[in-house]
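Student: One structure coming up, written as structure tokens, with questions to follow.
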Amino acid sequence: MEKAIKQIATIKFFTYIFIFSIVIFIGHTIFTKNAVFGDGKFYYAYVRSWVFDRDINLVNDFELLGIKPSVNSRGLAINTFAPGSAILWYFPYLLTDNLVRLITLQRTGLELTYQFAVGLINIILGVLGLFFVYHTLKKYFKNQSSLFAAFILFATTNLLFYIAVEPINSHAVSFFISSLVVYYLSTKLENLTLGDVFILGILSGLAGTIRTQDIIIFTIPAIAIFFKFRKHLKILVTCYLLLVTGILLGFLPQIYLWKIFFDFYFPPYGWGYGFTFLSPHISYVLFNIQNGLFILTPTIALGLFGLFLFWKKQKLISFMGIFYFLIQLYLIASWRDYYQGGSYSIRMLITTYPIITFGLAYFIEKLMKQVNLAFILTSIFFLFMINSFLIIRYLLMY
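For the sequence shown, counting from 1, position 230 maps to 230 in the UniProt record's numbering; every step adds exactly one.
The structure is reproduced here in structure tokens:
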């Protein structure tokens, strides 16, 4: 009975986060009269083209969204943004279009009704990601610490912005799939089977289809596989072959589109993929005043610190988390557009949050033994207010 009550309370907790996010999203959209901004337009162009034109020629979709298209030799507008988010939006968008057609045939697919549908599915996925994070943490920490960690991740980082304020982008979806990878691995780690490895490969490939850089989340299961089967070479090799096969299968939609856009299975160098690996801008990514990760979202720095402390208790999880964060940091800091334009904090690192939250939960659990609950709640509220102020400041500036 007590367990059932806790489960109901937990569901209510995440339902409140969902309702809060919906209210913020609707309020912001009504105020701005638009919900598709910046990079979100490139993802939105996919789903509009698939539903309205039933093709992959994005020229007219780009023009409707105010984007000047670059076309290939066949006259197709080139879209270097990954299609995974739009794939998940397809059925809600199609359903919305079918409902709108009952009222009017005069539609463009850019009306707020369509935008609300896309925003809603992203909010659902973002909150589901938080739910997966909570259930993952619960295997290693107390229930209260796990709930606090999941809530702090939402309320005090740029997840609040990319789930509740401007959800029509790839970041809420990226967070969801990353949370799912970490959750699935944590549930299967003790008795990892070949089938589990294959599924983890597919999920990693899907992560890359949502955001290309996120394909390297495969390093998390790859490390776990090595530590588990390092003394059994045949099983180790089989696992890695299955992992790679799964990755390729999950990544097929992106490979297919690259072939259409570039007549090759990978975009040529210079199409947004320029890197300076010998001179990464790591300090800028972490500490610049405009959108530095540790400046705007210090909670993530706290989580990383906690991940180092967690080493004594769980070396494997700590190593996977630290390694994945560092490799993503290096990749982003080496990218041509390392400054990330109008990003609120470093949004490309959101994919690392599910595993960094282990450090946050560990830190919270230690803190709860030394201070009372009122202090923790006050601190969370204070950080939430600072985050909210910075978001409002960002919206006014950009």
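For each residue, glycine too, the CB sits at the ideal point set by N, CA and C. Please read all numbers here as calculations on a predicted model, not as lab measurements.
Would you list the one or two residues that DSSP bridges to V181?
Tutor: In DSSP, V181 forms no bridge with anything.
Student: When you compare each of V244, S85, L76, F198 to P253 by their alpha carbons, which one comes out closest?
Tutor: S85
Student: Whole angstroms are fine: how far does the CA of S334 sit from the CA of S279?
Tutor: Using only the alpha carbons, I get a separation of about 7 Å.
Student: May I have the straight-line CA-CA distance separating S21 from Y394, to the nearest angstrom?
Tutor: Rounded to whole angstroms, S21 to Y394 spans 18 Å at the Cα level.
Student: Work out the CA separation of N122 and F176 for me, nearest whole Å.
Tutor: 9 Å
Student: Does DSSP put V371 in a helix, a strand or coil?
Tutor: Reduced to three states, the DSSP call for V371 is coil.
Student: In angstroms, rounded to a whole number, what distance separates the CA positions of S146 and A361?
Tutor: 6 Å
Student: What residue from F251, L248, L249, F226 has the CA that sits closest to C239's CA?
Tutor: Of the candidates F251, L248, L249, F226, F226 places its Cα closest to the Cα of C239.
Student: Select from I350, S70, V118 the residue whose C-alpha is nearest the C-alpha of N34.
Tutor: V118
Student: For D61, is the classification buried or exposed, using 16 other Cβ atoms within 10 angstroms of its Cβ as the cut-off for buried?
Tutor: With 16 or more Cβ atoms within 10 Å of its Cβ, D61 is classed as buried.
Student: Between the beta-carbon of I215 and the beta-carbon of A224, is there less than 8 Å?
Tutor: No. Outside cutoff.
Student: Do you know offhand how far T193's Cα is from L64's?
Tutor: 48 Å
Student: Is the beta carbon of V59 less than 8 Å from the beta carbon of Y93?
Tutor: Taking 8 Å as the Cβ cut-off, V59 and Y93 do not qualify as a contacting pair.
Student: Using the three-state DSSP reduction, which class does V47 fall into: helix, strand or coil?
Tutor: Here V47 sits in helix by DSSP.
Student: Going by the CB atoms, is the gap between L236 and V197 shorter than 8 Å?
Tutor: no
Student: In the DSSP output, what is F42 paired with across the bridge?
Tutor: According to DSSP, which records beta bridges pairwise, F42 is partnered with nothing at all.
Student: What separation, rounded to the nearest whole angstrom, lies between the Cα atoms of V165 and L233?
Tutor: 49 Å
Student: Just curious, the alpha helix (DSSP H) that A86 is in, first and last residue?
Tutor: 84-101
Student: Whether or not the region 273-293 and the region 318-328 are in contact is what I'm after, with contact meaning three or more pairs of Cβ atoms, one per stretch, closer than 8 Å; do they touch?
Tutor: no
Student: Among R101, F381, A172, which has the Cα closest to the Cα of L125?
Tutor: The closest CA to that of L125, considering only R101, F381, A172, is found on A172.
Student: Just verifying my parser: in three-state terms, what is the DSSP assignment at V36?
Tutor: coil
Student: Please classify M348 as buried or exposed, where buried requires at least 16 other C-beta atoms within 10 Å of its C-beta.
Tutor: It counts as buried.
Student: Going by beta carbon distance, what residues of the same chain come within less than 6 Å of S343, once the five residues before and after it are set aside?
Tutor: N291
Student: Could you have a look at F325 and say whether DSSP puts it in helix, strand or coil?
Tutor: helix
Student: May I have the straight-line CA-CA distance separating Y398 from F262, to the nearest angstrom?
Tutor: 33 Å
Student: Since Q115 is in the alpha helix (DSSP H), which residue starts that stretch and which ends it?
Tutor: 112-137
Student: Short of 8 Å in beta carbon distance, which residues of its chain neighbour Q314, apart from the five on each side in sequence? Order them along the chain.
Tutor: Y140, F358
Student: Do F37 and N79 have their C-beta atoms within less than 8 Å of each other?
Tutor: no
Student: With F218 and I247 assumed to form a contact (beta carbons below 8 Å), what rounded beta-carbon distance in angstroms separates them?
Tutor: 6 Å
Student: Classify E190 as buried or exposed, calling it buried when 16 or more other Cβ atoms lie within 10 Å of its own Cβ.
Tutor: exposed
Student: Thinking C-beta only, is A155 closer than 8 Å to I322?
Tutor: no
Student: Could you give the residue range of the alpha helix (DSSP H) that holds S146?
Tutor: 143-155 is the extent of the alpha helix (DSSP H) around S146.
Student: Please confirm whether Y284 and Y339 have their CB atoms less than 8 Å apart.
Tutor: yes
Student: Take D55 and list the residues in its own chain whose beta-carbon comes closer than 8 Å to its own, dropping the five residues that flank it on each side.
Tutor: S49
Student: In or out: A9 buried (at least 16 other Cβ within 10 Å) or exposed?
Tutor: exposed
Student: What are the start and end residues of the alpha helix (DSSP H) that includes S283?
Tutor: 282-287
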